[in-house]
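One point on numbering: in the UniProt record's numbering, the residue at position 111 of the sequence shown is 111, and numbering is uninterrupted.
First up is the structure itself, then whatever we jot down about it.
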Amino acid sequence: MYRYKITFAYDGTNFSGFQIQPNKRTVEQTLKNAVNKIAKHPTPAIPVIGSGRTDAGVHAINQVAHFDIPYHLSNESMRKALNSILPLDILIKKAELVDNDFHARYSAHRKTYRYRVDQGEFVDPFKRNYTAHFKYPLDLQKMKEAAKDLIGTHDFTSFVASGSQAKSNVRTIEDIIIRRDKIRNEVVFDFTGNGFLYNQVRIMVAFLLEVGSGQRPVDDVRRVLAAKDRTLARMTAPASGLYLVNVDYGTNDEKD
Numbered sequence: 001m002y003r004y005k006i007t008f009a010y011d012g013t014n015f016s017g018f019q020i021q022p023n024k025r026t027v028e029q030t031l032k033n034a035v036n037k038i039a040k041h042p043t044p045a046i047p048v049i050g051s052g053r054t055d056a057g058v059h060a061i062n063q064v065a066h067f068d069i070p071y072h073l074s075n076e077s078m079r080k081a082l083n084s085i086l087p088l089d090i091l092i093k094k095a096e097l098v099d100n101d102f103h104a105r106y107s108a109h110r111k112t113y114r115y116r117v118d119q120g121e122f123v124d125p126f127k128r129n130y131t132a133h134f135k136y137p138l139d140l141q142k143m144k145e146a147a148k149d150l151i152g153t154h155d156f157t158s159f160v161a162s163g164s165q166a167k168s169n170v171r172t173i174e175d176i177i178i179r180r181d182k183i184r185n186e187v188v189f190d191f192t193g194n195g196f197l198y199n200q201v202r203i204m205v206a207f208l209l210e211v212g213s214g215q216r217p218v219d220d221v222r223r224v225l226a227a228k229d230r231t232l233a234r235m236t237a238p239a240s241g242l243y244l245v246n247v248d249y250g251t252n253d254e255k256d
């Protein structure tokens with residue numbers, strides 16, 4: 001069997017998330033259908049293993065998955081073959097033949113998520129599926145100060161949604177970058193860490209927006225983290241503004 005790693009982008013608007021669900025259009029099922037068509041529909045069907053799940057409406061710029069196929073194609077031939085089958089809201093950016101010990105999920109070292117907040121007076125019909133709308137003034141300096149208390153290794157119980165299947169809520173956030181995109185009139189958040197819990201990024205963004213708009217004190221992160229109480233973080237930002245930007249594996253796994 002030959003193992004391929006694929007790096008791909010998708011518009012999450014019309015998907016019910018990444019993970020396969022009965023009678024739902026999902027990214028995983030769509031990829032699986034394409035891979036099995038290339039493989040001439042073997043039995044059992046070839047699974048596609050993603051680096052992680054994204055929820056309905058969440059987008060990806062560089063998501064990663066792997067699959068095993070019984071014959072060899074060049075990297076470029078595999079990329080083109082998949083793109084010729086897949087719908088227009090998924091694009092394979094790169095296909096790589098990798099060692100069989102590579103695993104899209106378990107080999108990952110860190111991930112980066114981006115969250116885009118539109119600051120227009122009204123909801124922009126062309127951005128509504130790709131940003132969250134928040135028209136109130138934001139103090140970026142206050143948000144940056146609050147974000148410092150999220151960086152590091154913590155128990156993020158207060159920032160995980162109910163329904164999480166994680167065995168532990170301890171995660172490490174390596175960096176949080178908050179910037180203003182004046183051209184698009186957006187505030188952009190980038191979170192890099194060794195892994196993220198269910199809805200964690202969206203809950204952290206909503207929390208920081210409350211800080212930036214003066215609804216919370218800057219030092220409230222410490223209190224909420226220590227309490228390990230989800231109700232204290234309150235809101236969850238919409239899925240539409242969230243993007244999986246990068247999955248870092250630390251090495252070059254590609255084979256010729």
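Every residue gets a Cβ at the ideal spot worked out from N, C-alpha and C, and that includes glycine.
These numbers were taken from a predicted model, which means no experiment stands behind them.
Every alpha helix (DSSP H) stretch that sits fully inside the UniProt domain "Pseudouridine synthase I TruA alpha/beta" (9–107) and reaches 4 residues is listed by chain position as 27–38 and 75–85.
The DSSP-derived three-state label of L197 is coil.
Positions of the alpha helix (DSSP H) runs, each at least 4 residues long and wholly inside the region 158–226, are given as 200–212 in order along the chain. Per DSSP, L150 lies in no alpha helix (DSSP H) and is assigned neither H nor E. In this chain, the alpha helix (DSSP H) harbouring T231 covers R230 to A233.
The continuous beta strand (DSSP E) containing K111 extends over residues R110 to D118. Ranking V247, F67 and A39 by CA distance to the CA of N194 puts V247 first. In terms of CA proximity to E76, L97 leads the group L97, Q63, N14 and L242. For the pair D89 and T13, the CB atoms are nearer than the 9 Å cut-off. Distance from the CA of R222 to the CA of Q165, rounded to the nearest whole angstrom, comes to 24 Å.
Here L138 carries a coil assignment [DSSP, helix/strand/coil].
The alpha carbon of T26 has as its nearest neighbour, out of L91, R234, A56 and T131, the alpha carbon of A56. In this chain, the beta strand (DSSP E) harbouring V245 covers L242 to D248. With respect to D118, A104 sits apart: the two C-beta atoms are not nearer than 9 Å. The bridge partners DSSP lists for Y4 are F67 and L97. Beta-bridge partners assigned by DSSP to A132: V117. Rounded to the nearest whole angstrom, the C-alpha separation of A60 and E145 is 28 Å. In this structure, L86 lies away from H154, with their beta-carbon atoms at least 9 Å apart. In terms of Cβ geometry, V64 and S74 do not form a close pair [threshold 9 Å]. With fewer than 16 other CB atoms across the displayed protein chains lying within 10 angstroms of its CB, P42 is exposed.
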